[in-house]
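> I have a structure I would like to understand better, so I am pasting it below and will then ask my questions one at a time.
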Amino acid sequence: SQQGEEDPQALSIQEGENATMNCSYKTSINNLQWYRQNSGRGLVHLILIRSNEREKHSGRLRVTLDTSKKSSSLLITASRAADTASYFCATGGSNYKLTFGKGTLLTVNP
Amino acid sequence: GAVVSQHPSWVICKSGTSVKIECRSLDFQATTMFWYRQFPKQSLMLMATSNEGSKATYEQGVEKDKFLINHASLTLSTLTVTSAHPEDSSFYICSARPPVGGSSYNEQFFGPGTRLTVL
């Protein structure tokens, strides 16, 4: 069954604005990862945050993790039209399997 | 580095035929590969974990006799959809995990996916 739940399901913003996506999960995790998928394509790994980390940055991406609330957020700053894609969180357990959330469809309008 | 390829990228077949999809790690050895399926506008659902040299481990509800997985080498895993039916039409994605010990061993590197359409 799905572990992660993202919200919102869809997000539409203007270029230059920030986009925030949230992910909640149910069981204990080793790490939480965010992936991006362009329509009809494979997934691209964006960032991994370990269970003992609270915040991580990579370029325009900022990820937070709150294990007490079992939630994570992905912030994309200064969004670009090219950021339009679906974004998935995935939780990693001790067996290296990933359990994906339902995803957020981000549309950045030029 | 860490490139995973899939072949074919799309396939159309008749109901009742079998289709083989290949997943290759091009620049690293992957002892573990994973197979997912994704329906339109939905998330990825893990089908099975493929370990080199041993039988695949299937997730609950996935028919092992219908979705045959072979991981014969450290760089190749294949998924064969046997006796395909229209309800098997989906986007099939594989991923490969780098060997334990590297800095990215918790990550999975995904192939570009294979779109299967069964008529």
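Chains as they are written, first to last, in the numbering used here: chain Y, 1 to 110; chain H, 111 to 229. Each residue gets a CB set at the ideal place from its N, CA and C atoms; glycine is no exception. Being a predicted model, the structure only gives us computed values, none of them experimental.
(1) Any C-beta of chain C within less than 9 Å: which residues of the stretch 23-50 of chain Y qualify?
(2) Does the beta carbon of H:P222 come closer than 8 Å to any beta carbon on chain Y?
(3) Can you tell me whether Y:N52 is buried or exposed, with buried defined as 16 or more other CB within 10 angstroms of its CB?
(4) Of all the CB atoms in chain Y, is at least one closer than 8 Å to the CB of H:T190?
(5) Is it buried or exposed, Y:P110, if we count other Cβ atoms within 10 angstroms and call 16 or more buried?
(6) Nearest to H:E132 by CA position, among H:Q152, H:K124, H:C123, H:M143, is which residue?
(7) Which ranges does the beta strand (DSSP E) cover as unbroken runs of at least 3 residues, wholly within the stretch 171-218 of chain H, from first to last along the chain?
(8) Classify H:S164: buried if its beta carbon has 16 or more other beta carbons within 10 angstroms, exposed otherwise.
(9) Assuming the contact rule is C-beta atoms closer than 8 Å, Y:G131 and Y:I29 should be a hit. Round their C-beta distance to whole Å, please.
(10) Can a CB atom of chain Y be found closer than 8 Å to the CB of H:I203?
(11) Since H:T185 meets chain Y, which of its residues come closer than 9 Å, beta carbon to beta carbon?
(12) Under DSSP, the beta strand (DSSP E) around Y:Y96 begins and ends at which residues?
(13) Kindly indicate if chain H contains any beta-carbon less than 8 Å away from that of Y:Q2.
(14) What is the residue span of the beta strand (DSSP E) that H:Y146 lies within?
(15) Secondary structure at H:A166, three-state DSSP: helix, strand or coil?
(16) Quick one: any contact between the stretch 32-50 of chain Y and the stretch 69-87 of chain Y, if contact means 3 or more CB pairs under 8 Å?
(17) Using a C-beta to C-beta distance shorter than 7 Å, which residues of chain Y count as neighbours of H:S153?
(18) Kindly indicate which residue of H:R147, H:Q152, H:A112 has the alpha-carbon position closest to the one of H:D137.
(19) Considering only their Cβ atoms, is the gap separating Y:Q33 from Y:L48 smaller than 8 Å?
Taking the structure as given:
(1) In the structure shown, chain C cannot be found, because the protein chains are Y and H.
(2) For the purposes of this step, residue 222 of chain H is taken as residue 112 along the second sequence, with counting starting at 1. Yes - at least one Cβ of chain Y is within 8 Å of the one on H:P222.
(3) One-based indexing of the first sequence puts residue 52 of chain Y at position 52. Answer is exposed; the Cβ neighbour count stays below 16.
(4) In the second sequence, counting from the first residue as 1, residue 190 of chain H sits at position 80. Output row for H:T190: interface = no.
(5) Sequence index remark: in the first sequence, residue 110 of chain Y carries index 110 (1-based). Under this definition Y:P110 is an exposed residue.
(6) On the second sequence, position 22 is the one that residue 132 of chain H refers to. Considering only alpha carbons, the answer is H:M143.
(7) Taking 3 residues as the minimum length, the beta strand (DSSP E) runs contained wholly in the stretch 171-218 of chain H are 177-183, 186-191, 200-207, in order along the chain.
(8) The residue labelled residue 164 of chain H in the question sits at position 54 within the second sequence. With fewer than 16 other beta carbons inside 10 angstroms of its own, H:S164 counts as exposed.
(9) Any property of residue 131 of chain Y remains undetermined from this structure, which presents chain Y solely from 1 to 110.
(10) Sequence index remark: in the second sequence, residue 203 of chain H carries index 93 (1-based). Answer yes: the Cβ-Cβ gap between H:I203 and chain Y drops below 8 Å somewhere.
(11) Stepping through the second sequence from its first residue, residue 185 of chain H is reached at position 75. Result: empty, since nearest Cβ-Cβ is about 17 Å, beyond 9 Å.
(12) By 1-based counting over the first sequence, the position of residue 96 of chain Y is 96. For Y:Y96, there is no enclosing beta strand (DSSP E), as DSSP marks it with neither H nor E.
(13) Counting from one through the first sequence, the residue named residue 2 of chain Y turns up at place 2. The predicted position of Y:Q2 is uncertain, since its pLDDT is 43 and thus under 50; a value taken from the coordinates is nonetheless stated next. It does; some Cβ of chain H falls within 8 Å.
(14) Taking the first residue of the second sequence as 1, we reach residue 146 of chain H at position 36. DSSP places H:Y146 in the uninterrupted beta strand (DSSP E) bounded by 142-148.
(15) Working through the second sequence from its first residue, we reach residue 166 of chain H at position 56. Under the three-state reduction of DSSP output, H:A166 falls in the coil class, being neither helix nor strand.
(16) Cβ pair count under 8 Å is three or more, so yes.
(17) For the purposes of this step, residue 153 of chain H is taken as residue 43 along the second sequence, with counting starting at 1. Correct list: Q2, F88, F100, G101, K102, G103.
(18) The residue labelled residue 137 of chain H in the question sits at position 27 within the second sequence. With distances taken between Cα atoms, H:D137 lies closest to H:A112.
(19) On the first sequence, position 48 is the one that residue 48 of chain Y refers to. On the first sequence, position 33 is the one that residue 33 of chain Y refers to. For Y:L48 and Y:Q33, yes; Cβs fall inside 8 Å.
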